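The sequence shown runs contiguously to residue 238 in the numbering used here.
Backbone N, C-alpha and C define an ideal beta-carbon position, used for all residues, glycine too.
Keep in mind the model is a prediction, meaning the values are calculated, not measured.
Worksheet: the structure to be examined is printed underneath.
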Amino acid sequence: QQSEKLSSIGLLAAGVAHEVNTPLTGVSSYTQMLLGMIPETDPKHALLQKMQRQTDRATNIVGNLLNFSRTGNAIESAELDINKLLDDTLQLLEPQLRQSNITIVKNYTKKPPKIFANGGKLQQVFTNLILNARDAMYDGGEITLRTGVNESGDVSIEVADTGEGISAENLNKIFDPFFTTKGVGNGTGLGLAVSYGIIQEHAGTIEVHSENGNGTAFRLVFPASGKQRQRAVS
Numbered sequence: 005q006q007s008e009k010l011s012s013i014g015l016l017a018a019g020v021a022h023e024v025n026t027p028l029t030g031v032s033s034y035t036q037m038l039l040g041m042i043p044e045t046d047p048k049h050a051l052l053q054k055m056q057r058q059t060d061r062a063t064n065i066v067g068n069l070l071n072f073s074r075t076g077n078a079i080e081s082a083e084l085d086i087n088k089l090l091d092d093t094l095q096l097l098e099p100q101l102r103q104s105n106i107t108i109v110k111n112y113t114k115k116p117p118k119i120f121a122n123g124g125k126l127q128q129v130f131t132n133l134i135l136n137a138r139d140a141m142y143d144g145g146e147i148t149l150r151t152g153v154n155e156s157g158d159v160s161i162e163v164a165d166t167g168e169g170i171s172a173e174n175l176n177k178i179f180d181p182f183f184t185t186k187g188v189g190n191g192t193g194l195g196l197a198v199s200y201g202i203i204q205e206h207a208g209t210i211e212v213h214s215e216n217g218n219g220t221a222f223r224l225v226f227p228a229s230g231k232q233r234q235r236a237v238s
């Protein structure tokens, strides 16, 4: 049932992405043109740089939507150290987390947790989970990141927060496309749906445990690097 929902949203995502991509390309081109015309000493140059960064971010989102609509297509993969990828993600999000008074607790396995995957896509998953955890803690709180490797080499990642938790009523809907508990304009409801699709693409699983008032924990499991490489080749 979830796969059917993701297939439907994939078709919609492809249409939206193509419609958005054309004007976005125009905005990016004109911004780059203006950057070349205005000297770096002009205050407007810094504003245009910010505009370009946000345009690049929107372009990446469009690209991810297009990737999401192409389930089953080949993706660029490499052997990745999950601990390092989590740290890279945290480095990108550090200003936002600090501003929201969020403390990060790392509980990483000492054995390097290696999987064969697309780093950009997994970083998108981690970003979604970490920012969702931040949004669940209005007055700040603690996000714990755990990694582990079992005897078969399968890698687990857990993102847990000390937020308000998710009600039982909403728990079954969180991976549905466009479902969100955030206010209008504060969330698209696509983050977890896209993440679910990316995890499936990598032959992984995701589970969520949550209770009202007791925080939320997302647990991801991915096959060992060797298993994933064999799957990619076959």
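Length of the line joining the Cα atoms of residue i and residue j
i, j, result
"Gln36", "Ala172", "48 Å"
"Val24", "Thr131", "22 Å"
"His206", "Thr113", "21 Å"
"Val20", "Gly201", "17 Å"
"Ser81", "Leu126", "11 Å"
"Thr26", "Gln128", "23 Å"
"Val212", "Ala140", "14 Å"
"Thr209", "Ile203", "6 Å"
"Ala78", "Gly123", "Any reading at Ala78 needs caution, since the residue's pLDDT is 49, under 50, leaving its predicted position unreliable; the model's value is listed next. If you take the alpha carbons of Ala78 and Gly123, they lie about 14 Å apart."
"Asp143", "Ala50", "32 Å"
"Glu215", "Asp180", "19 Å"
"Gln58", "Asp91", "22 Å"
"Asp46", "Asn176", "52 Å"
Cβ-based neighbour list, residue i, same chain, cut-off 6 Å, excluding 5 preceding and 5 following
i, result
"Lys48", "Ile42"
"Gly157", "Ala228"
"Asn190", "Bear in mind that a pLDDT of 48 at Asn190, under 50, signals an unreliable position, so the number given afterwards is only what the model happens to contain. Around Asn190: no qualifying Cβ."
"Val159", "Ile86, Pro117, Ile119, Val153, Phe226"
Test item: CB-CB of residue i and residue j under 9 Å
i, j, result
"Phe222", "Val153", "no"
"Arg150", "Ile134", "no"
"Ala121", "Leu96", "no"
"Ile119", "Phe226", "yes"
Proximal residues to residue i (C-beta, below 7 Å), its chain only, five neighbours per side dropped
i, result
"Thr1", "The chain is shown from 5 up to 238; residue 1 falls before or after that span and cannot be answered."
"Asn218", "Gly169"
"Ala62", "Leu28"
Beta-carbon separation (whole angstroms), residue i vs residue j, contact threshold 8 Å
i, j, result
"Ala137", "Gly167", "7 Å"
"Leu106", "Gly145", "Residue identity check: residue 106 is Ile in the sequence provided, not Leu. Indeed they touch by this definition, with Cβ atoms about 6 Å apart."
Outcome for residue i when other beta-carbon atoms lying within 10 angstroms are tallied against a minimum of 16
i, result
"Leu89", "buried"
"Lys115", "exposed"
"Asn87", "buried"
"Ser199", "buried"
"Lys54", "exposed"
"Thr247", "The displayed coordinates of the chain run from 5 to 238. Any statement about residue 247 would go beyond what the structure contains."
"Pro117", "buried"
"Gly195", "buried"
Residue i beta carbon near the ligand NAD (any heavy atom closer than 8 Å)
i, result
"Asp158", "As presented, the structure is devoid of all ligands, the ligand NAD included, so that no description of it is given."
Residues near residue i by beta carbon distance below 8 Å, same chain, minus five either side
i, result
"Leu101", "Leu94, Ile108, Ile134, Arg138, Ile147"
"Gln56", "Ser32, Thr35, Gln36, Leu39"
"Leu52", "Thr35, Leu38, Leu39, Ile42"
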